[in-house]
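Chains as they are written, first to last, in my numbering: chain A, 126 to 386; chain B, 126 to 386; chain C, 126 to 386.
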Amino acid sequence: MFQQIKEKSPLIHCITNHVVSNFQANGLLAIGASPIMGEAHEEAAELAALSQAVSLNIGTLHAESLKSMLIAGKKANQLGIPVVLDPVGAGVSKFRIEAVREILGRVDVNVLRCNAGELAAIAGEQWQSKGVDAGEGLLDIKKLAVSTAKKLGLLVAVTGATDIITDGKSVSKIPFGNPMMTSITGTGCLLSSVVAAGLAVSTNNPMKTVEDVFRFYAIVGERASRNAALSGDFQVAFLNQLASLTDREVTQRISLQEETV
Amino acid sequence: MFQQIKEKSPLIHCITNHVVSNFQANGLLAIGASPIMGEAHEEAAELAALSQAVSLNIGTLHAESLKSMLIAGKKANQLGIPVVLDPVGAGVSKFRIEAVREILGRVDVNVLRCNAGELAAIAGEQWQSKGVDAGEGLLDIKKLAVSTAKKLGLLVAVTGATDIITDGKSVSKIPFGNPMMTSITGTGCLLSSVVAAGLAVSTNNPMKTVEDVFRFYAIVGERASRNAALSGDFQVAFLNQLASLTDREVTQRISLQEETV
Amino acid sequence: MFQQIKEKSPLIHCITNHVVSNFQANGLLAIGASPIMGEAHEEAAELAALSQAVSLNIGTLHAESLKSMLIAGKKANQLGIPVVLDPVGAGVSKFRIEAVREILGRVDVNVLRCNAGELAAIAGEQWQSKGVDAGEGLLDIKKLAVSTAKKLGLLVAVTGATDIITDGKSVSKIPFGNPMMTSITGTGCLLSSVVAAGLAVSTNNPMKTVEDVFRFYAIVGERASRNAALSGDFQVAFLNQLASLTDREVTQRISLQEETV
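What follows is the structure, encoded as structure tokens:
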């Protein structure tokens, strides 16, 4: 799939936050995709229509960008262009959770890429984002991901020590989360738009596409962390690894644990 | 204190400019703090209430973010959460100086972290930002810092070749300014939010907290500059040093010159 | 000229997109210039008036920043301050092309710094941005650049494998485009503001100034690519090279192919 991204260089319309926009654009370029990052509502429909996937991220959402996300998302739906939503900090404010609900209500989102706390907020569950025991929380998150995927009719892809991907029927776990991934900002945001790039070139089996992206990304993180134990180096190493990893290396390296609910 | 930041991982609500937001977020993560960077006025009060400190920066201020800063600052005041203001370029426009005056008038700011030109603008003094002689200017800046701290009832922390920190009564000087610190954008902005992170975990003696942060930061800059004489490398090295410096090293390395006004 | 930038440290008012603003600010600092990046319309005229050049970039344009660009541009015109326009993605939406036309109609832009697709959009020509054969397209782009420069009465500077600079009468070609330059976001945007910095210190012969900047930039790219084959490293190496290259090295290294139309 990553070979196809390099060959087709899909245009990814990202409406994203200003904290990670540079890293996200460089990450997409590193894998061979092509980012467009306009966020004015006046051009949202046109940019979505030009693109092969739309990647929405609410990290520094405001009223204008929410409007643009709704327009871009609806245009993408009309044209059959995949839409990925990254509900950054969904639970931190009424504004965010209502925005996420509005987007999910008015746009057919293909993949909801989030962390455990964001998933819990979207599902309306209580969640303590601090001091969470990963082992204990895992089962709940799996169930929550499955029920959310079923209820909303989309793929839910939750990152953590073990990533969980589900379409509401089957569940894949990818146990390669690297703690360095959370040492810099934007690895989750970039992952969401790499998922969008994957869907842009590979639509037959979205669940498998998301799994492949997550495996790839886990290896990128692992490799980057080997040569870069500090956050300045890690950001650089991460982009380098994104630019150099090939499909074959991914296939050789990863075995996926899959199970049925 | 930095050990405490790593342990408590305080949430810092930053309303900041888009030029430095990535660097600022990564810098906060590097020391173990946790940045939230929403800037919509709809969520400003909630984000402030969730946080352990609020860090305001007017580098790319506009009407909406000013509104959010006022809301976040006032909510922080109600809840006893410390507020740091970085009045970037306070003197460059009427819009900025009026915004700074409005924030200072309506929010109890705990620390004003600025440079000499910004301090002069806030104090209503003439200041030539180009060709300033550091030695000659120093006394004036010290006096200005003291009178501003007294007048506004807050800590004033001015960076330069020698940093000056004052509560209007005592003055600390930290003579470790490194010229490489001004070779990249955002070191001052990040410092302001590291001050916020310090205040988030250590509230007993704010003056000492700010001093400790400034000493720490000076050593980070000095160390980073040793292995990185060019600006690309320096940005990376700076984040690396932020991530690796410990309290003990700071204590061992720095002696502070302190004097009474 | 770059020696002069280091000595005079011209203030460059950049109204630019949030994807590249950090890279653009650090790049300007690396060459010794001083960026100001406010984008509120309330301060646009004052910031332009303080500056030695104005650099406009529509990469994440919205209604507010367009308003600011018009105000800053007109103020710069009144005061004889040079204005550079980077019409990022001019052809991707009605909003962008209309904004570009409005800016070009109401502001005397000194240099239009763009790529082939953006030039074609501004000239109202069809252009396929994908699969373009550089050799074949070259002649057309040269003609288009010349006719656009004539029609609009400004310098057109088009980057590509071979860069083209024209005032509508003579044409310079700089054949040093490095493919790594497009592997990261923002090299074009930064180039536009480096052109602004060049014009800020050297106004006698704008065409030669732009050529000198382009040659310098091409060497920066070539040098950076030698030690950095992956995009993470390249971004760092590029800033390092910007900070270290001297005028003398540029003069020694480059011969310019020039021809008359």
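Backbone N, C-alpha and C define an ideal beta-carbon position, used for all residues, glycine too.
* To do: Tell me whether VAL179(A) sits in a helix, a strand or coil according to DSSP, three-state version.
  => VAL179(A) sits in a strand when the DSSP states are folded into three classes.
* To do: Measure from the C-beta of SER218(A) to each C-beta in chain B and report whether the shortest distance is under 8 Å.
  => So yes, SER218(A) belongs to the interface.
* Please check if any C-beta of chain A sits within less than 8 Å of the C-beta of ASP211(C). => Not an interface residue.
* Asked: Do we get a CB-CB distance below 8 Å when we pair GLN177(A) with the residues of chain C?
  -> Chain C contact via Cβ: absent.
* Asked: Which residue's Cα is closest to the Cα of GLY346(C): ALA270(C), LYS298(C), ARG221(C), ALA362(C)?
  -> With distances taken between Cα atoms, GLY346(C) lies closest to ALA362(C).
* Asked: Thinking C-beta only, is GLN203(A) closer than 8 Å to CYS314(A)?
  -> No, Cβ-Cβ distance for CYS314(A) and GLN203(A) is not below 8 Å.
* Asked: In whole angstroms, what separates the C-alpha of LEU364(B) from that of ASN151(B)?
  -> Rounded to the nearest whole angstrom, the C-alpha separation of LEU364(B) and ASN151(B) is 7 Å.
* To do: Would you mind sorting GLN360(C) into buried or exposed? The rule is 16 or more other CB atoms within 10 Å of its CB.
  => When all chains shown are included, GLN360(C) counts as buried.
* Quick one: what's got a C-beta closer than 7 Å to SER308(A)'s C-beta in the same chain, skipping five residues either side? -> Excluding residues within five positions, the ones whose Cβ falls inside 7 Å are SER356, PHE359.
* **Euclidean distance between Cα positions of THR287(B) and HIS138(C)** => When rounded, the distance between both Cα atoms is 28 Å.
* Excluding the 5 residues preceding and the 5 following PHE390(A) in the sequence, name in chain order all residues of the same chain whose CB lies nearer than 6 Å to its CB. => Nothing can be reported for residue 390(A), as the shown portion of chain A is limited to 126 through 386.
* Scan the region 150 to 173 of chain C for residues whose Cβ lies nearer than 8 Å to a Cβ of chain B and list them as they occur along the chain. => Using a CB distance below 8 Å, the part of the region 150 to 173 of chain C facing chain B consists of ALA150, ASN151, LEU154, ALA155, PRO160, ILE161, MET162, GLY163, GLU164, ALA165, GLU167, GLU168, GLU171, LEU172, ordered along the chain.
* Asked: So which residues on chain A does GLN366(C) lean against when the C-beta distance must stay under 8 Å?
  -> Against chain A, the beta carbon of GLN366(C) has no neighbour under 8 Å; the closest one sits roughly 16 Å away.
* **Of the residues HIS187(A), PRO207(A), GLU167(A), the one placed nearest ASN329(A), counting alpha carbons only** => Nearest to ASN329(A) by C-alpha distance, out of HIS187(A), PRO207(A), GLU167(A), is PRO207(A).
* **SER146(A) versus GLU164(A), ASP265(A), GLN129(A), residue with shortest Cα-Cα distance** => For the set GLU164(A), ASP265(A), GLN129(A), the Cα lying nearest the Cα of SER146(A) is the one of GLU164(A).
* Is it right to say ARG238(C) is buried, meaning 16 or more other beta carbons lie within 10 angstroms of its own, or is it exposed? -> By the 10 Å Cβ count, ARG238(C) comes out buried.
* To do: Could you pull the start and end residues of the alpha helix (DSSP H) that LEU195(B) belongs to?
  => In the DSSP assignment, LEU195(B) falls within the unbroken alpha helix (DSSP H) covering 188 to 204.
* To do: Starting from ASN329(A), follow the beta strand (DSSP E) in both directions and report where the run begins and ends.
  => Note, ASN329(A): premise wrong, no beta strand (DSSP E); not H, not E.
* **Sufficient close CB pairs (3 or more, under 8 Å) joining the region 160 to 180 of chain A to the region 166 to 176 of chain C** => Cβ pair count under 8 Å is below three, so no.
* Asked: Assuming LEU316(C) and THR273(C) make a contact with CB atoms under 8 Å, what is their CB distance in whole Å?
  -> Rounded, the Cβ-Cβ distance is 18 Å, inconsistent with contact.
* Buried or exposed: where does PRO304(B) fall if 16 or more other Cβ atoms within 10 Å of its Cβ makes it buried? -> Exposed.
* Partner residues on chain B for SER317(C), Cβ-Cβ distance less than 9 Å -> Neighbours of SER317(C) in chain B, taken as residues whose beta carbon is under 9 Å from its own, are absent, since the nearest beta carbon is some 16 Å off.
* For VAL361(A) and chain C, any beta-carbon pair shorter than 8 Å? -> Closer than 8 Å to some Cβ of chain C, the Cβ of VAL361(A) qualifies, so yes.
* Residues of chain C with CB under 8 Å from ILE309(B), in chain order? -> Those within 8 Å of ILE309(B) in chain C are ASN151, LEU154.
* Asked: Exposed or buried, what is ARG351(B) when buried is set at 16 or more other beta-carbons lying within 10 Å of its beta-carbon?
  -> That one is exposed.
* From the beta carbon of VAL145(C), is the nearest beta carbon of chain A less than 8 Å away? -> Yes, VAL145(C) counts as interfacial toward chain A.
* Asked: Can you list, in chain order, the residues of its chain whose CB lies under 8 Å from that of GLU227(C), leaving out five sequence neighbours each side?
  -> Close CB contacts of GLU227(C) within its chain, under the 8 Å cut and outside five residues either way in sequence, are with LEU191, LEU195 (chain order).
* **CB contact below 8 Å: LEU113(A) versus chain B** => No answer is possible for residue 113(A): it lies beyond the span of chain A, which begins at 126 and ends at 386.
* Asked: Residues in its own chain within less than 7 Å of GLU261(C) by CB, not counting five upstream and five downstream?
  -> Residue placement at GLU261(C) cannot be trusted, given a pLDDT of 47 that sits under 50; the coordinates are not used to answer.
* Taking Cβ positions, are ILE130(C) and ALA354(C) nearer each other than 8 Å? -> Their beta carbons are not under 8 Å apart, which means ILE130(C) does not touch ALA354(C) by this criterion.
* Sequence-distant residues of the same chain with beta carbon closer than 8 Å to ASN240(C), five excluded per side -> Hits under 8 Å: VAL283, THR284, GLY285, GLY313.
* **Contact with chain C by LEU186(B), beta-carbon distance below 8 Å** => Output row for LEU186(B): interface = yes.
* Output, in chain order, the set of chain C residues within a Cβ distance shorter than 8 Å of GLU250(A). => Chain C residues near GLU250(A): none, gap ~33 Å exceeds 8 Å.
* **VAL209(C) versus VAL232(C) - alpha carbon distance** => Approximately 10 Å between the Cα atoms of the pair.
* Asked: the region 191 to 204 of chain B: which residues have C-beta closer than 8 Å to a C-beta of chain C, in chain order?
  -> Cβ contacts with chain C come from no residue of the region 191 to 204 of chain B.
* To do: Please report how far the alpha carbon of VAL338(C) lies from the alpha carbon of VAL319(C), in whole angstroms.
  => About 7 Å.
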